[in-house]
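The structure appears below as structure tokens.
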Amino acid sequence: MSEGGCFCGDIRYEIDDGDYVVANCYCTMCRRTSGAPVVTWAVVPVANFRYVKGEPKQLASSDRASRDFCAACGTPLACRIHEKPDEIDITTSTLDDAEAYVPKYSAHTDTKFAWLHALEP
Ligand SMILES: [Zn+2]
Ligand SMILES: [Zn+2]
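So, in structure tokens, the structure goes:
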């Protein structure tokens, strides 16, 4: 099992062990909601994910998806895509052991900053 949470500690969550798709997203919505040039996500079945402390707020970031974040510190925690109700995407940088979730895919590279490739292998 993996554990994670927001910056201030108000919200904590657990993910059951599994072989999950992990991807970097370079879309403009991830950028704006995180304040970072890239967000790494793990795609987890909702049955394998649970909040164990606190309740996040939801942001309707588009008509296709909503995002969970901590109302106290603002940390983005999860994204729910309406047409995939059995899945929840988790921001892997909020995991206590984020290094264990290695991204193998990229999404929305069309909006990736041109300078970012220089920082990646
Ligand atoms: Zn917080
Ligand atoms: Zn994105």
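Each step along the sequence shown adds one to the number in our numbering, with nothing skipped, and position 49 is 109.
Every residue, glycine too, gets a C-beta built ideally from N, C-alpha and C.
- For residue 124, the secondary structure class from DSSP, reduced to helix, strand or coil, is coil.
- One Cα belongs to residue 153, the other to residue 96, and the distance between them is close to 11 Å.
- Residue 106 and residue 146 do touch by the CB rule: their CB atoms are close to 6 Å apart, below 8 Å.
- In the displayed model, residue 160 falls within a helix according to three-state DSSP.
- When C-beta atoms of the region 161-170 are compared with those of the region 106-123, fewer than three pairs fall below 8 Å, so the two segments do not count as touching.
- Residue 139 is bridged by DSSP to 127 and 149.
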